[in-house]
Amino acid sequence: MRATVVAFGGRVDERVRPYLEAADMIVAADGGAAALLALGMVPQVAVGDFDSLAQEARERLISLGCPLVRVRPEKDETDTELAVRCALEQGASSITLLGGIGSRLDHTWANLVLLARLAQRGIEAQAVTPPLTVHATGSRLTICGRPGDTVSVFPVFGSAVGVTEEGFKYALNDRTLKDSDILGVSNELSSREGRITVRSGVLLVFHYRQEE
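Under my numbering, the residue at position 40 of the sequence shown is numbered 43, and the numbers go up by one with no gaps.
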(Lines of atoms letter the chains of each structure in order from A; the text may use other names.)
(Lines give C-alpha, C1' and ligand atoms only; values in the text may rest on other atoms or scores of the structure.)
Protein backbone atom coordinates (compact mmCIF):
# COMPACT_ATOMS: atom_id res chain seq x y z
CA MET A 4 0.00 0.00 0.00
CA ARG A 5 1.27 3.43 -0.95
CA ALA A 6 0.91 6.07 1.74
CA THR A 7 1.54 9.79 1.46
CA VAL A 8 2.33 11.66 4.66
CA VAL A 9 1.89 15.43 4.61
CA ALA A 10 4.04 17.31 7.11
CA PHE A 11 4.01 20.92 8.26
CA GLY A 12 6.91 23.17 7.34
CA GLY A 13 7.67 22.67 3.66
CA ARG A 14 5.82 23.81 0.57
CA VAL A 15 2.82 21.71 -0.45
CA ASP A 16 1.20 23.02 -3.62
CA GLU A 17 -0.40 21.90 -6.89
CA ARG A 18 2.86 20.36 -8.09
CA VAL A 19 2.54 17.53 -5.56
CA ARG A 20 -1.10 16.74 -6.31
CA PRO A 21 -0.13 13.67 -8.41
CA TYR A 22 1.51 12.11 -5.34
CA LEU A 23 -1.67 12.65 -3.36
CA GLU A 24 -3.95 11.29 -6.05
CA ALA A 25 -1.77 8.19 -6.48
CA ALA A 26 -1.78 7.37 -2.76
CA ASP A 27 -3.85 4.59 -1.26
CA MET A 28 -3.78 6.44 2.06
CA ILE A 29 -3.07 10.05 3.07
CA VAL A 30 -1.97 10.85 6.62
CA ALA A 31 -1.57 14.44 7.80
CA ALA A 32 0.99 15.36 10.43
CA ASP A 33 -0.46 18.24 12.44
CA GLY A 34 -0.43 21.43 10.31
CA GLY A 35 0.05 19.41 7.15
CA ALA A 36 -3.72 18.94 7.26
CA ALA A 37 -4.21 22.65 6.52
CA ALA A 38 -2.16 22.31 3.32
CA LEU A 39 -4.39 19.44 2.24
CA LEU A 40 -7.55 21.42 2.93
CA ALA A 41 -6.14 24.27 0.85
CA LEU A 42 -5.81 21.82 -2.05
CA GLY A 43 -9.38 20.62 -1.55
CA MET A 44 -8.28 17.25 -0.18
CA VAL A 45 -9.02 15.47 3.09
CA PRO A 46 -6.65 13.01 4.78
CA GLN A 47 -7.81 9.63 6.01
CA VAL A 48 -6.43 10.60 9.43
CA ALA A 49 -4.58 13.52 11.04
CA VAL A 50 -1.99 12.91 13.77
CA GLY A 51 -0.23 15.31 16.13
CA ASP A 52 -0.45 17.63 19.10
CA PHE A 53 -2.10 20.15 16.75
CA ASP A 54 -0.11 23.13 17.93
CA SER A 55 0.26 24.20 14.28
CA LEU A 56 -3.32 23.56 13.16
CA ALA A 57 -5.96 26.20 13.81
CA GLN A 58 -9.14 25.31 15.67
CA GLU A 59 -11.19 26.20 12.59
CA ALA A 60 -9.23 23.70 10.50
CA ARG A 61 -9.63 21.01 13.16
CA GLU A 62 -13.38 21.55 13.23
CA ARG A 63 -13.54 21.39 9.44
CA LEU A 64 -11.64 18.11 9.38
CA ILE A 65 -14.03 16.61 11.93
CA SER A 66 -17.04 17.79 9.91
CA LEU A 67 -15.54 16.10 6.83
CA GLY A 68 -15.19 12.81 8.67
CA CYS A 69 -11.44 12.88 9.26
CA PRO A 70 -10.46 11.38 12.63
CA LEU A 71 -7.94 13.35 14.69
CA VAL A 72 -5.38 11.37 16.68
CA ARG A 73 -4.21 13.82 19.34
CA VAL A 74 -0.95 13.28 21.23
CA ARG A 75 0.65 15.19 24.09
CA PRO A 76 2.96 18.10 23.16
CA GLU A 77 5.64 16.66 25.46
CA LYS A 78 6.76 13.58 23.55
CA ASP A 79 9.88 11.91 22.20
CA GLU A 80 8.65 11.57 18.60
CA THR A 81 7.93 14.28 16.06
CA ASP A 82 4.44 14.60 14.63
CA THR A 83 5.81 13.47 11.27
CA GLU A 84 7.32 10.35 12.82
CA LEU A 85 3.99 9.52 14.46
CA ALA A 86 2.16 10.04 11.16
CA VAL A 87 4.57 7.69 9.38
CA ARG A 88 4.09 5.13 12.15
CA CYS A 89 0.33 5.41 11.70
CA ALA A 90 0.70 4.71 7.97
CA LEU A 91 2.90 1.68 8.63
CA GLU A 92 0.43 0.30 11.16
CA GLN A 93 -2.21 0.45 8.43
CA GLY A 94 -0.02 -1.67 6.16
CA ALA A 95 1.91 0.87 4.10
CA SER A 96 4.89 -0.55 2.21
CA SER A 97 5.80 2.73 0.51
CA ILE A 98 5.99 6.20 2.09
CA THR A 99 6.04 9.52 0.24
CA LEU A 100 6.62 12.51 2.50
CA LEU A 101 5.34 15.90 1.37
CA GLY A 102 6.15 19.13 3.20
CA GLY A 103 9.05 17.49 5.00
CA ILE A 104 11.79 19.63 3.44
CA GLY A 105 11.55 23.24 4.55
CA SER A 106 13.41 26.17 6.09
CA ARG A 107 13.88 24.43 9.45
CA LEU A 108 17.04 22.47 8.71
CA ASP A 109 16.80 20.55 11.97
CA HIS A 110 13.34 19.26 11.10
CA THR A 111 14.43 18.59 7.53
CA TRP A 112 17.38 16.52 8.74
CA ALA A 113 15.16 14.63 11.19
CA ASN A 114 12.80 13.79 8.33
CA LEU A 115 15.66 12.58 6.12
CA VAL A 116 16.93 10.36 8.94
CA LEU A 117 13.38 9.03 9.23
CA LEU A 118 13.44 8.11 5.53
CA ALA A 119 16.78 6.35 5.96
CA ARG A 120 15.40 4.35 8.88
CA LEU A 121 12.52 3.24 6.67
CA ALA A 122 14.97 2.15 3.96
CA GLN A 123 16.81 0.06 6.56
CA ARG A 124 13.57 -1.85 7.02
CA GLY A 125 13.14 -2.38 3.28
CA ILE A 126 10.37 0.22 2.96
CA GLU A 127 10.38 2.41 -0.13
CA ALA A 128 10.71 6.01 1.07
CA GLN A 129 10.98 9.42 -0.55
CA ALA A 130 10.46 13.07 0.34
CA VAL A 131 9.17 15.41 -2.36
CA THR A 132 9.42 19.20 -2.41
CA PRO A 133 9.63 20.16 -6.10
CA PRO A 134 12.00 20.41 -7.83
CA LEU A 135 13.74 18.18 -5.25
CA THR A 136 13.01 14.54 -4.49
CA VAL A 137 15.06 12.75 -1.84
CA HIS A 138 15.05 8.95 -1.97
CA ALA A 139 16.38 6.58 0.66
CA THR A 140 17.62 3.20 -0.47
CA GLY A 141 19.49 0.23 0.91
CA SER A 142 19.46 -1.80 -2.30
CA ARG A 143 18.69 -0.44 -5.75
CA LEU A 144 17.00 2.63 -7.13
CA THR A 145 16.03 3.87 -10.59
CA ILE A 146 16.02 7.64 -11.10
CA CYS A 147 13.79 8.86 -13.93
CA GLY A 148 14.28 12.37 -15.23
CA ARG A 149 16.00 14.32 -17.97
CA PRO A 150 19.63 14.44 -19.06
CA GLY A 151 21.32 17.13 -16.99
CA ASP A 152 19.26 16.61 -13.84
CA THR A 153 21.47 16.88 -10.75
CA VAL A 154 21.75 13.80 -8.54
CA SER A 155 23.78 13.57 -5.31
CA VAL A 156 24.24 10.54 -3.05
CA PHE A 157 25.30 10.47 0.60
CA PRO A 158 25.67 7.49 2.94
CA VAL A 159 24.06 7.60 6.37
CA PHE A 160 24.44 5.36 9.43
CA GLY A 161 28.02 4.49 8.45
CA SER A 162 29.62 3.45 5.19
CA ALA A 163 27.77 2.40 2.05
CA VAL A 164 29.54 -0.51 0.37
CA GLY A 165 29.38 -1.48 -3.29
CA VAL A 166 27.91 1.77 -4.60
CA THR A 167 27.45 1.71 -8.37
CA GLU A 168 25.94 4.44 -10.53
CA GLU A 169 24.97 3.82 -14.16
CA GLY A 170 23.46 6.31 -16.60
CA PHE A 171 25.26 9.29 -15.09
CA LYS A 172 27.90 11.71 -16.36
CA TYR A 173 30.36 10.44 -13.74
CA ALA A 174 30.23 6.70 -13.16
CA LEU A 175 30.82 4.97 -9.85
CA ASN A 176 31.65 1.28 -9.88
CA ASP A 177 31.52 -0.77 -6.69
CA ARG A 178 32.81 2.07 -4.51
CA THR A 179 32.71 2.31 -0.75
CA LEU A 180 31.48 5.68 0.49
CA LYS A 181 32.13 6.63 4.10
CA ASP A 182 29.62 8.80 5.90
CA SER A 183 32.24 11.57 5.91
CA ASP A 184 32.68 11.42 2.10
CA ILE A 185 31.25 14.05 -0.23
CA LEU A 186 32.34 12.28 -3.41
CA GLY A 187 28.73 11.66 -4.40
CA VAL A 188 27.71 15.30 -4.69
CA SER A 189 26.48 16.89 -7.96
CA ASN A 190 26.44 14.10 -10.49
CA GLU A 191 24.22 14.42 -13.58
CA LEU A 192 21.88 12.13 -15.43
CA SER A 193 23.29 11.37 -18.88
CA SER A 194 20.01 9.84 -20.09
CA ARG A 195 16.40 9.70 -18.97
CA GLU A 196 17.13 6.93 -16.52
CA GLY A 197 19.90 6.37 -13.99
CA ARG A 198 20.44 3.32 -11.81
CA ILE A 199 21.99 3.33 -8.34
CA THR A 200 22.79 0.19 -6.38
CA VAL A 201 24.34 -0.33 -2.96
CA ARG A 202 25.38 -3.72 -1.62
CA SER A 203 25.19 -2.76 2.06
CA GLY A 204 24.40 0.43 3.92
CA VAL A 205 21.87 3.17 3.24
CA LEU A 206 22.06 6.06 0.78
CA LEU A 207 20.15 9.32 0.66
CA VAL A 208 19.75 10.26 -3.01
CA PHE A 209 18.95 13.88 -3.88
CA HIS A 210 17.38 14.37 -7.32
CA TYR A 211 16.96 17.94 -8.53
CA ARG A 212 14.75 18.05 -11.60
CA GLN A 213 15.25 20.77 -14.17
CA GLU A 214 12.26 23.06 -14.00
CA GLU A 215 10.40 23.84 -17.19
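Quick reminder that beta carbons are idealized off the backbone N, C-alpha and C, glycines included. Only a predicted model underlies this, so the values are computations on that prediction, with no experimental measurement involved.
My assumption, with CB atoms under 8 Å, is that A6 sits in contact with D27. Please give the rounded CB distance.
Along the sequence shown, read from residue 1 onward, the residue named residue 6 stands at position 3. Along the sequence shown, read from residue 1 onward, the residue named residue 27 stands at position 24. The distance from the Cβ of A6 to that of D27 is about 7 Å, consistent with a contact at the 8 Å cut-off.
Using three-state DSSP, classify P158 as helix, strand or coil.
The residue you call residue 158 lines up with position 155 of the sequence shown. Looking at P158 - three-state DSSP - the assignment turns out to be strand.
By alpha-carbon positions, which one of R195, V201, R212, G103 ends up nearest to G187?
The residue labelled residue 187 in the question sits at position 184 within the sequence shown. If you compare the alpha carbons of R195, V201, R212, G103 with that of G187, the shortest gap goes to V201.
If you count every other CB in all the chains shown that lies within 10 Å of the CB of C69, and 16 or more means buried, which is it?
Here residue 69 refers to the residue found at position 66 when the sequence shown is read from its first residue. With 16 or more other Cβ atoms within 10 Å, it is buried.
Best match in A95, N176, V15, G170 for proximity to G151 [C-alpha to C-alpha]:
Translated into positions along the sequence shown, residue 151 becomes position 148. Taking each of A95, N176, V15, G170 in turn and checking the Cα distance to G151, the smallest one comes out for G170.
Please classify L144 as buried or exposed, where buried requires at least 16 neighbouring CB atoms within 10 angstroms.
For the purposes of this step, residue 144 is taken as the residue at position 141 of the sequence shown. Under the 10 Å beta carbon count, L144 is surrounded by 16 or more other beta carbons and is classified as buried.
Between the beta-carbon of G161 and the beta-carbon of D177, is there less than 9 Å?
Taking the first residue of the sequence shown as 1, we reach residue 161 at position 158. Taking the first residue of the sequence shown as 1, we reach residue 177 at position 174. The answer is no: Cβ separation not under 9 Å.
Are the Cβ atoms of V87 and L67 separated by less than 9 Å?
Here residue 87 corresponds to residue number 84 of the sequence shown, with the count starting at 1. Here residue 67 corresponds to residue number 64 of the sequence shown, with the count starting at 1. Note that the C-beta distance between V87 and L67 is not below 9 Å.
Between which two residues does the beta strand (DSSP E) harbouring R147 extend?
Reading the sequence shown from its first residue, position 144 is the one you call residue 147. Note that residue 147 corresponds to Cys in the displayed sequence, not to Arg. Start and end: 143 to 147.
Buried versus exposed, by CB contacts within 10 Å (16 or more), L115
On the sequence shown, residue 115 is found 112 positions in, with the first residue counted as 1. Buried is the call here.
Whole angstroms are fine: how far does the CA of A36 sit from the CA of G12?
By one-based count along the sequence shown, residue 12 stands at place 9. By one-based count along the sequence shown, residue 36 stands at place 33. So the two alpha carbons sit approximately 11 Å from each other.
Just the C-alpha distance for A49 and D109, rounded to the nearest angstrom, thanks.
The residue given as residue 49 occupies position 46 in the sequence shown. The residue given as residue 109 occupies position 106 in the sequence shown. Using only the alpha carbons, I get a separation of about 23 Å.
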